[in-house]
Amino acid sequence: MLAGGLGAIRPDLALKNTKITPGSKLIVLGGQSMLIGLGGGAASSISSGEGSAELDFASVQRGNPEIQRRAQQVIDACVSFGAEKNPIQFIHDVGAGGLSNALPELVHDNDLGAKFELRSILSLEPAVGSKNFLITIGDRFVTGLVDRDQMVGPWQTPVADVGVTATSLGETVLSTGEALSMGEKPTLALISASASAKIVKLSANWMSAASHDGEGAKLYEAVQAIGLDLCPDLGVSIPVGKDSMSMKMKWDDKEVTAPLSLTITAFAPVDNTSNTWTPQIVRKDDTQLVYVDLAADVKKSLGGSALAQVYKQVGNLAPTVHSNKLLKSFLESLVVLHKKLNVLAYHDVSEGGLLTTVLEMAFAGRTGVKLDLKGDDLLTSLFNEELGAVFQINSSDLASFNEILNTNGVDSKYIQVIVYENTRDVLQQLWANTSYQIQRLRDNPKTTDEEYESIKDNKDPGLSYQLTYSVSDDLGIDTKSSNKPKVAILREQGVNSQQEMAWCFSQAGFEAYDVHMSDILSGKVSLDKFVGIAACGGFSYGDVLGAGAGWAKSVLFNERARNEFIKFFQERQDTFAFGACNGCQFLSRISELIPGTESWPSFERNVSEQYEARFVMVEVDSTQSNNSIFLDGMKGSKLPIVVAHGEGRASFQDSNLDDFISKGQDVIKYVDNYGDIATTYPYLPNGSTNSIAGISSENGRVLAMMPHPERVCRKESNSWYPKEQAEEWGPYGPWIRLFRNARKWVGDKY
Numbered sequence: 001m002l003a004g005g006l007g008a009i010r011p012d013l014a015l016k017n018t019k020i021t022p023g024s025k026l027i028v029l030g031g032q033s034m035l036i037g038l039g040g041g042a043a044s045s046i047s048s049g050e051g052s053a054e055l056d057f058a059s060v061q062r063g064n065p066e067i068q069r070r071a072q073q074v075i076d077a078c079v080s081f082g083a084e085k086n087p088i089q090f091i092h093d094v095g096a097g098g099l100s101n102a103l104p105e106l107v108h109d110n111d112l113g114a115k116f117e118l119r120s121i122l123s124l125e126p127a128v129g130s131k132n133f134l135i136t137i138g139d140r141f142v143t144g145l146v147d148r149d150q151m152v153g154p155w156q157t158p159v160a161d162v163g164v165t166a167t168s169l170g171e172t173v174l175s176t177g178e179a180l181s182m183g184e185k186p187t188l189a190l191i192s193a194s195a196s197a198k199i200v201k202l203s204a205n206w207m208s209a210a211s212h213d214g215e216g217a218k219l220y221e222a223v224q225a226i227g228l229d230l231c232p233d234l235g236v237s238i239p240v241g242k243d244s245m246s247m248k249m250k251w252d253d254k255e256v257t258a259p260l261s262l263t264i265t266a267f268a269p270v271d272n273t274s275n276t277w278t279p280q281i282v283r284k285d286d287t288q289l290v291y292v293d294l295a296a297d298v299k300k301s302l303g304g305s306a307l308a309q310v311y312k313q314v315g316n317l318a319p320t321v322h323s324n325k326l327l328k329s330f331l332e333s334l335v336v337l338h339k340k341l342n343v344l345a346y347h348d349v350s351e352g353g354l355l356t357t358v359l360e361m362a363f364a365g366r367t368g369v370k371l372d373l374k375g376d377d378l379l380t381s382l383f384n385e386e387l388g389a390v391f392q393i394n395s396s397d398l399a400s401f402n403e404i405l406n407t408n409g410v411d412s413k414y415i416q417v418i419v420y421e422n423t424r425d426v427l428q429q430l431w432a433n434t435s436y437q438i439q440r441l442r443d444n445p446k447t448t449d450e451e452y453e454s455i456k457d458n459k460d461p462g463l464s465y466q467l468t469y470s471v472s473d474d475l476g477i478d479t480k481s482s483n484k485p486k487v488a489i490l491r492e493q494g495v496n497s498q499q500e501m502a503w504c505f506s507q508a509g510f511e512a513y514d515v516h517m518s519d520i521l522s523g524k525v526s527l528d529k530f531v532g533i534a535a536c537g538g539f540s541y542g543d544v545l546g547a548g549a550g551w552a553k554s555v556l557f558n559e560r561a562r563n564e565f566i567k568f569f570q571e572r573q574d575t576f577a578f579g580a581c582n583g584c585q586f587l588s589r590i591s592e593l594i595p596g597t598e599s600w601p602s603f604e605r606n607v608s609e610q611y612e613a614r615f616v617m618v619e620v621d622s623t624q625s626n627n628s629i630f631l632d633g634m635k636g637s638k639l640p641i642v643v644a645h646g647e648g649r650a651s652f653q654d655s656n657l658d659d660f661i662s663k664g665q666d667v668i669k670y671v672d673n674y675g676d677i678a679t680t681y682p683y684l685p686n687g688s689t690n691s692i693a694g695i696s697s698e699n700g701r702v703l704a705m706m707p708h709p710e711r712v713c714r715k716e717s718n719s720w721y722p723k724e725q726a727e728e729w730g731p732y733g734p735w736i737r738l739f740r741n742a743r744k745w746v747g748d749k750y
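Heads up: the sequence shown begins at 1 in my numbering, then just goes up one per residue.
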């Protein structure tokens with residue numbers, strides 16, 4: 001078999017006899033950089049096997065077809081301007097020799113010269129800052145077991161120190177769980193291998209060019225520091241890990257060696273996930289910030305720090321664990337503080353030093369800070385990355401705080417009180433700027449700008465729970481009965497939210513059955529025995545046919561399945577259906593089978609042009625036309641909920657929108673933090689028409705919504721909630737009411 005590609009270019013679109021003019025910009029289009037083509041042009045002129053086998057394979061020049069297509073679309077767009085306005089003066093492919101050859105050839109062909117700074121091709125961005133652009137594009141809520149995600153507080157700031165998950169979805173709501181975190185500091189290995197190992201605390205992933213001169217000794221030094229010195233003193237071990245010992249690339253007489261790197265993954269069981277501290281400063285009178293500096297009695301070092309990187313330096317001295325005993329005493333103090341003191345906020349000192357630590361706490365709490373520090377060297381005090389932590393406590397608890405630390409071996413000399421006051425917005429925009437710039441290039445600039453501007457709103461009240469019902473009201477449902485109504489937890493290939501969906505219905509008094517579409521298509525399972533179906537969220541068929549489209553077609557184009565759903569929706573009056581996210585998209589695409597959904601919208605690509613995973617506010621429609629059985633008693637409530645989708649924008653045919661609105665089928669809408677209908681991003685995460693988040697059938701028995709109520713039915717799985725208000729909720733979150741309402745409606749009709 002021979003495979004190749006051919007192309008045709010019209011003569012009038014071909015670039016001929018054009019010259020690059022002095023001062024023109026040279027643009028490198030394409031990517032991504034892969035370990036291929038190392039042999040360059042020479043590799044095609046020698047016999048395979050004359051060199052190393054590795055070089056033979058690495059010299060196969062191949063590209064990424066997706067990137068090729070994108071690059072071609074850019075070229076096509078430029079050509080579409082016409083010969084006179086086409087911004088491309090000259091074009092050259094990147095082949096053998098890479099950019100080191102392509103760029104000189106480009107200017108040489110035009111009898112020009114140029115200066116190339118190849119080491120500057122990749123632009124360095126500040127490493128210390130918001131990672132928002134990475135976090136919101138991944139689903140961090142799936143399973144309903146995530147009790148502490150990266151986002152913290154009512155303004156959802158990405159500053160969490162630890163990830164916390166619940167143990168399982170049991171018959172009762174469990175408080176136990178697991179805490180985990182990861183850390184690495186390879187820059188310190190350039191100064192001190194042992195310091196780079198000890199500064200992070202235990203699965204260990206070692207990476208080293210062990211065969212390179214001196215690197216094996218550094219590896220030994222690092223392993224000894226953490227495995228023989230630190231961990232035994234702390235009473236912890238490293239039972240598992242892996243290693244990569246060939247972190248070096250050689251070519252001819254040149255070589256590139258990676259510094260010794262250690263990535264530590266810390267994991268521990270916890271008794272109560274609700275006791276997790278966060279960095280969010282609580283807006284409360286008469287509180288103080290306390291800095292526990294575990295290197296207070298030694299000379300501070302800026303080696304390997306973020307500040308050193310800004311000045312393009314490495315440094316000579318690295319921060320390290322100066323006293324294993326002191327560190328252990330501090331950890332023991334944390335255990336006692338958890339039990340005996342109300343710590344309002346906590347954040348460890350890491351990259352960026354004390355200043356970044358306190359600022360991140362202020363950003364999470366939308367307050368400002370004024371630092372009053374001891375010492376003459378301001379830069380060192382603010383930016384050293386020695387071990388330490390900052391606490392917010394009530395002023396009345398300061399003496400008890402000091403006593404607990406002193407009793408456990410942390411002397412008062414390690415404790416400083418910090419005074420703080422307001423002003424924040426400019427600094428937070430600086431902190432978020434790198435994330436903003438990357439996100440602006442990747443996503444829709446308009447929505448990115450809207451989110452960046454929202455940082456400046458000092459009056460933004462943040463998320464809130466304005467409920468018109470009591471979460472603790474179980475509506476008199478008997479969840480212990482052995483005879484329960486049956487609900488089909490419906491899923492298709494790629495769906496991933498069936499576990500939490502089943503748990504919510506089970507907690508509300510249903511008997512939940514796992515039903516795969518293949519069961520219905522084969523006739524193994526009939527919908528006759530179920531009073532309800534719940535279509536779950538995820539990525540059915542990878543969304544390759546459009547979100548929910550492949551799933552819907554498996555029903556619409558299969559006679560057996562189509563008849564099952566027709567009978568369920570059209571011939572029975574005792575049934576209900578619920579769909580969340582991908583399940584919502586599925587129901588909207590089979591709306592021709594569901595009575596009273598003729599005006600339903602389709603759900604299209606988000607306006608941001610990106611997958612959105614966020615914790616946002618919605619409002620349950622309070623008008624009389626809202627007859628949804630799922631929302632009884634919830635009308636007028638405004639509360640947060642999880643969204644996690646790439647195609648959630650409700651879109652109507654012109655003739656349907658007015659009809660849809662007049663029937664009151666827009667039962668859930670996105671609102672901003674002020675409680676007003678959301679019109680800007682990220683409060684309106686998808687650009688949905690009329691801010692629509694949830695839609696209902698005319699008879700109220702079918703509810704489809706893009707947000708995920710099933711992922712926040714446990715109180716602790718809500719990314720944030722006000723602790724005082726939530727005391728009466730019990731172990732559940734406010735969205736459990738939706739599932740209880742369904743059970744109340746069914747009554748004894750089963």
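Note that beta-carbon positions come from the ideal geometry of N, C-alpha and C, so glycine has one too. Here the structure is a predicted model, which means the values were calculated and not measured.
- DSSP places Thr257 in the uninterrupted beta strand (DSSP E) bounded by Lys254 to Thr257.
- Cβ-Cβ separation between Val618 and Lys669: approximately 6 Å, consistent with a contact (criterion under 8 Å).
- Counting C-beta atoms within 10 angstroms of its own C-beta, Ser719 has 16 or more neighbours from the protein chains shown and is therefore classed as buried.
- Minimum Cα-Cα distance from Thr447 among the listed residues Leu475, Leu463 and Glu612 corresponds to Glu612.
- Leaving aside the five residues that flank Ser688 on each side, the residues in its chain whose CB is nearer than 6 Å to its CB run, in chain order, Arg649 and Ala650.
- Taking C-beta atoms under 8 Å as the contact rule, Phe586 and Ser522 fail to qualify, at a distance of about 19 Å.
- Take Ser472, set aside five residues on each side of it, and the residues of its chain with a beta-carbon closer than 7 Å to its own are Glu728, Trp729 and Gly730, in chain order.
- The beta carbons of Phe652 and Pro601 sit about 5 Å from each other, so the pair counts as a contact at 8 Å.
- In this structure, the alpha-carbon of His516 lies about 8 Å from that of Gln493.
- Per DSSP, the continuous alpha helix (DSSP H) segment holding Gly365 begins and ends at Gly353 to Gly365.
- Checking the DSSP bridge columns, you'll see Pro640 partnered with Met617.
- Counting C-beta pairs with one atom in each stretch, the segment 427–440 and the segment 450–464 have three or more that are closer than 8 Å, which means they touch.
- Your pair Ser637 and Leu467 checks out as a contact, with CB atoms roughly 5 Å apart and the cut at 8 Å.
- Inclusion of Ala266 and Leu180 in the CB contact set at 8 Å is warranted, their separation being smaller than that value.
- In chain order, Ile455, Lys456 and Asn458 place their CB closer than 7 Å to the CB of Asp425, counting only its own chain and leaving out the 5 sequence neighbours on each side.
- Between the segment 320–328 and the segment 344–364 there are fewer than three inter-stretch CB-CB distances shorter than 8 Å, so the stretches are not counted as touching.
- The bridge partners DSSP lists for Phe267 are Leu180.
- In the three-state scheme derived from DSSP, where H, G and I count as helix and E and B as strand, Asp372 is classed as coil.
- DSSP places Phe576 in the strand class (E or B) of the three-state scheme.
- Between the C-alpha atoms of Gly579 and Leu631 there is a straight-line separation of about 14 Å.
- Using a 10 angstroms sphere on the CB of Thr176, the tally of other CB atoms stays under 16, which defines it as exposed.
- Less than 8 Å separates the beta-carbon of Pro319 from that of Glu386.
- For Asp543, the three-state secondary structure derived from DSSP is helix.
- Judged by DSSP secondary structure, Phe557 falls outside any alpha helix (DSSP H); it is assigned neither H nor E.
- Non-local C-beta neighbours of Asp519 in its own chain, meaning closer than 7 Å and more than five positions away in sequence, comprise Val525, ordered along the chain.
- In the three-state reduction of the DSSP assignment, Arg283 falls in the coil class.
- Annotation for Phe603: the continuous beta strand (DSSP E) segment containing it runs Ser602 to Glu604.
- With respect to the 8 Å criterion, Gly694 and Ala678 are not classified as neighbours on the basis of their beta carbons.
- Taken atom to atom, the span from the alpha-carbon of Ser506 to that of Val531 is near 14 Å.
- Taking the Cα positions, Phe401 is about 27 Å away from Pro158.
- Scanning its chain for C-beta atoms nearer than 6 Å, with the 5 sequence neighbours on each side dropped, one finds around Cys536 the residues Arg491, Val495, Ser497, Gln498, Met501 and Gly583, in chain order.
- Following the DSSP letters along the chain, one finds Asp514 inside the beta strand (DSSP E) bounded by residues Glu511 to His516.
- A residue is called buried when at least 16 other Cβ atoms come within 10 angstroms of its Cβ; Met151 meets this threshold and is buried.
- Within the same chain, Cβ atoms closer than 6 Å to the Cβ of Ala364 are found at Val152, Gly153, Thr157, Val159, Pro279 and Gln280, the five residues on either side in sequence being excluded.
- Comparing C-alpha distances from Tyr681 to each of Gln610, Asp621 and Phe383 shows the shortest one belongs to Gln610.
- The secondary-structure analysis by DSSP pairs Pro682 with nothing; it has no beta-bridge partner.
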